[in-house]
Amino acid sequence: MSKFSLILLYLNFLFTISSSSTLIPLGSTLQASNRNQSWSSPNTSFSLSFIPVTPSSFVAAITYNAGDVIVWSASDGSNGTGDGASLVVNSGGTLNLLSNGALRLTNGSGAIVWDSATANRGVSHASLDDLGNFQLLNNESVPIWSSFQNPTDTLVPSQNFTVGMILRSGSYSLTLDRSANLTLNWNDTIEYWSLGFNSSINGNLTSPRFMLQSNGILVGLDPSFARGMINMAFTTDYGESNDVFRFLRMDNDGNLRIYSSSTGNNGSGNITQTWAAVTDQCQVYGFCGNMGICSYKDSKPVCGCPSQNFEPVNEHDGRKGCKRKVEIEDCPGDVTMLQLEHTMFLTYPPELSDQLVTLAIVACRTNCLASSTCTASTLVADGSGFCYLKTPDFVSGYQGAVLPSTSFIKVCGQAIPNPSPYQEASAKDNDSLHTMVIVSVVMASLLALVVVGIGFWCLLYSNRNKSGRMSVQYELVDYASGAPVKFSYKELQQSTKGFSERLGEGGFGAVYKGTLANRMVVAVKQLEGIEQGERQFRIKVATISSTHHLNLVRLVGFRCEGRHRLLVYEFLKNGSLDKFLFTSKDQSGKSLKWENRFNIALGTARGITYLHEECRDCIIHCDIKPENILLDEAYTAKVSDFGLARLMNPKDHRHLSLASIRGTRGYLAPEWLANHPITSK
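Residue numbers (mature numbering (1 follows the signal peptide of the UniProt record, and there is no 0)): -20 to -1, 1 to 661.
As structure tokens, then:
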């Protein structure tokens, strides 16, 4: 028996010396006034200590790399409630592991600020391991409470995020439901982002969970998965590295991000963002507060008020939202509707179905004005006729030059719109242009006085125009409003990173992926074989952009500079239909259900019918093929490349054949082959 006991003692000794956690006995205390006190993991990567917020206020937190990254803190969100704010104590504050097993944070006055609620539950000691998990354990080393099971706003590698857990920061939270939908929520009600598994496997889930791996891949796990896990998201720097510590954080601006902390030789960390759930920050519900409008300036989101009928709630913090200068219930005169172009009031579940109606633009305004419960409305100009009547008191706005929507909001008296930032920018551009013209004239006059060979110079300039340079007169044309956005060639170069990410190439030119200043992802098509001037090009582009239908790819903007002719379209995540038709699955391993296939066929037909018979300027497509049918995230069919044939150079044989035939071999209309006039059929 004694021999067996010795063996047990020896095994226990081996376990103890190989343990990756530091044992903390009952009765241990940390003091806010003592900055040298901490409970650290064996490898010293993580420590629990008091972190100064100001010289006289402190928070109790677990940090990585000597305080560079806070991964957990005692907060009113660490038990799933509250707004997630870290709880602050003064210099007299203490963190005590009491003899009854409770971990308690108290202020200098002795008032309880936070408690783990583990008193008299058998806790015998605490530990902090090398993964960053702080645990309260019983005599059998079974966790009674742990920081991994009670997260605040951050997850570290190997920390599971399961159903019932909440990451919280201010009004925003991250949750996971039993169908494995990872969602971002505002005020626990509005769901503005989600990430989930394929719907075909959701019914077989038993205990879904998410985890950030140390290599920078966010994975979904469930015992029902054949391979154990599914990759859900990748950081821009994913890959194994001993010098990089990654963590996922619910930020107070409503976005979920993954960060990488690279430890330098001096021990300090360089923290960079490597992934974000919401790529367009202005689409985060409530980012600019109630009645605030989010827009972009120098690629950064900024907050403002809808019009001069409103004023900021806090002049020093635009994110606090806006308020009417005269509230509707106090309005002594008429209530009117302020019209906001290129603006939408965000609508997400569960509001989506309750507030959606199908109305024309006038009715979308008047119906809201007539309703005592309606605050604002938004009409989406995508051909669907969808009008969202905003009934709650809280509305969240997004304004951008490429947004195809018009919104209305109630104001007291006459609506006083803000100066349009796009008009201001255009005015500045025109002023600069006028200045350039004046300077050019002055310089030309001076040159005329000193250059004897002015006639020869003119001859050279004329020859240069003949060699292919576009006349500058087209750069000075001021076009009517309502047309698609006119980008500079430099803007499109920057947005596509020098046209580096090629999506594909068709008969009309190559297509590249890009990201605009407002974080909108677009597809930029470089047209080839065009020699017409900018005015003619702009008129034909305007014709294409005047088409609005749910099943047509939306034209965002264009560029006509020198010989450059570019069209900017919305980017559709699932690519073209041919990837699904000519292979069993696309590159991500997805296949089309029969329901999707039927809806794609129906949507394509609706888009073509609109082009051929229903839009103001009917357009015969001439090149309907799977490569020109694109699919969005919901596998909605969007017809692309319509109207491009009318932009092509008649001398370009790639787009013509016998008797001006246009299209792709194998998809030609029968009329072409029979030499009959083209019809909408």
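Positions of the beta carbon are idealized from the N, C-alpha and C atoms, including for glycine. Quick caveat: nothing in here was measured; it's all calculated off a predicted structure.
C-alpha distance - residue i paired with residue j, whole-angstrom precision
{"i": "E481", "j": "A97", "result": "54 Å"}
{"i": "V199", "j": "Y239", "result": "16 Å"}
{"i": "S357", "j": "D223", "result": "51 Å"}
{"i": "K477", "j": "F560", "result": "28 Å"}
{"i": "Q394", "j": "A213", "result": "49 Å"}
{"i": "V533", "j": "L611", "result": "9 Å"}
{"i": "T132", "j": "L164", "result": "15 Å"}
{"i": "G272", "j": "Y378", "result": "8 Å"}
{"i": "C285", "j": "E321", "result": "14 Å"}
{"i": "Q263", "j": "L326", "result": "7 Å"}
{"i": "N629", "j": "E613", "result": "Model confidence at N629 stands at a pLDDT of 43, short of 50, so the residue's coordinates are unreliable and nothing is read from them."}
{"i": "P372", "j": "S18", "result": "48 Å"}
{"i": "H296", "j": "C302", "result": "12 Å"}
{"i": "Y174", "j": "L156", "result": "Note that residue 174 is Ser in the sequence shown here, rather than Tyr. Taking the straight line joining both Cα atoms gives about 9 Å."}
{"i": "K280", "j": "L496", "result": "11 Å"}
{"i": "D202", "j": "L111", "result": "22 Å"}
{"i": "Y368", "j": "I170", "result": "15 Å"}
{"i": "N608", "j": "Y469", "result": "25 Å"}
{"i": "V452", "j": "A361", "result": "Because V452 carries a pLDDT of 32, less than 50, the predicted location of this residue cannot be relied on, and no value is offered for it."}
{"i": "G72", "j": "Q11", "result": "7 Å"}
{"i": "I588", "j": "C283", "result": "40 Å"}
{"i": "C311", "j": "H529", "result": "39 Å"}
{"i": "C540", "j": "K370", "result": "39 Å"}
{"i": "L349", "j": "S241", "result": "52 Å"}
{"i": "K618", "j": "D56", "result": "47 Å"}
Contacts around residue i, its chain only, beta-carbon distance under 7 Å, and the 5 residues preceding and following it disregarded
{"i": "N119", "result": "S104"}
{"i": "I341", "result": "L359 and T386"}
{"i": "D168", "result": "S153"}
{"i": "F177", "result": "A160, G200 and I210"}
6 Å Cβ shell around residue i - same chain, five flanking residues per side excluded
{"i": "Q115", "result": "S107, P123 and S126"}
{"i": "N76", "result": "T9 and R84"}
{"i": "P606", "result": "L557, D558 and L561"}
{"i": "N140", "result": "R189 and M191"}
{"i": "I50", "result": "A41 and T43"}
{"i": "N80", "result": "A99 and N100"}
{"i": "T142", "result": "R189"}
Cβ separation of residue i and residue j, assumed to be a contact under 8 Å, to the nearest whole Å
{"i": "G494", "j": "L507", "result": "That pair is no contact at about 15 Å."}
{"i": "M324", "j": "S387", "result": "6 Å"}
{"i": "F290", "j": "K277", "result": "That belief does not hold up - the Cβ atoms of F290 and K277 are roughly 19 Å apart, past 8 Å."}
{"i": "V93", "j": "L67", "result": "5 Å"}
{"i": "Q261", "j": "R499", "result": "7 Å"}
{"i": "I146", "j": "S153", "result": "5 Å"}
{"i": "F267", "j": "S376", "result": "7 Å"}
{"i": "F517", "j": "K466", "result": "So it is not a contact: roughly 11 Å between Cβ atoms."}
{"i": "V504", "j": "E550", "result": "Actually they do not touch by this definition, with Cβ atoms about 11 Å apart."}
First through last residue of the beta strand (DSSP E) which encompasses residue i
{"i": "T142", "result": "N140 to T142"}
{"i": "residue 665", "result": "Beyond the ends of the chain as shown, which are -20 and 661, falls residue 665; an answer cannot be given."}
{"i": "Q319", "result": "V315 to E321"}
{"i": "I146", "result": "I146 to S149"}
{"i": "D558", "result": "Segment D558 to L561 is the alpha helix (DSSP H) holding D558; no beta strand (DSSP E) there."}
{"i": "F479", "result": "F479 -> no beta strand (DSSP E), and no H or E assigned at all."}
{"i": "V619", "result": "A617 to V619"}
{"i": "R189", "result": "R189 to L192"}
{"i": "Y368", "result": "F366 to K370"}
{"i": "A12", "result": "Unbroken run through A12: none, as it is neither H nor E."}
{"i": "E291", "result": "F290 to P292"}
{"i": "R304", "result": "C302 to R304"}
{"i": "A614", "result": "First-last for A614: undefined, no H or E at that position."}
{"i": "K605", "result": "Taken as a continuous stretch (DSSP letters only), K605 belongs to no beta strand (DSSP E), as it is neither H nor E."}
{"i": "R226", "result": "V224 to M230"}
{"i": "A490", "result": "G489 to T495"}
Opposing strand residues paired with residue i [DSSP bridges]
{"i": "A257", "result": "In the DSSP output, where bridge partners are listed per residue, A257 has none listed."}
{"i": "P123", "result": "L117"}
{"i": "I251", "result": "S241"}
{"i": "E541", "result": "H544"}
{"i": "T86", "result": "T74 and I92"}
{"i": "P32", "result": "F38"}
{"i": "Y549", "result": "A503 and L535"}
{"i": "L164", "result": "L154 and W173"}
{"i": "T43", "result": "S27 and I50"}
Near the ligand ADP: residue i beta-carbon under 7 Å from a heavy atom
{"i": "G72", "result": "What this structure holds is no ligand at all, so the ligand ADP is not there to describe."}
Chain C contact for residue i (CB, 8 Å cutoff)
{"i": "I588", "result": "No chain C is present in this structure, which holds just one protein chain."}
Where the alpha helix (DSSP H) through residue i begins and ends
{"i": "C348", "result": "I341 to A350"}
{"i": "T584", "result": "W574 to T589"}
Own chain partners of residue i with C-beta closer than 8 Å, once the 5 adjacent residues on each side are dropped
{"i": "Y172", "result": "L164, N165, W166, G234, V258, Q263, V264, Y265, L326 and Y328"}
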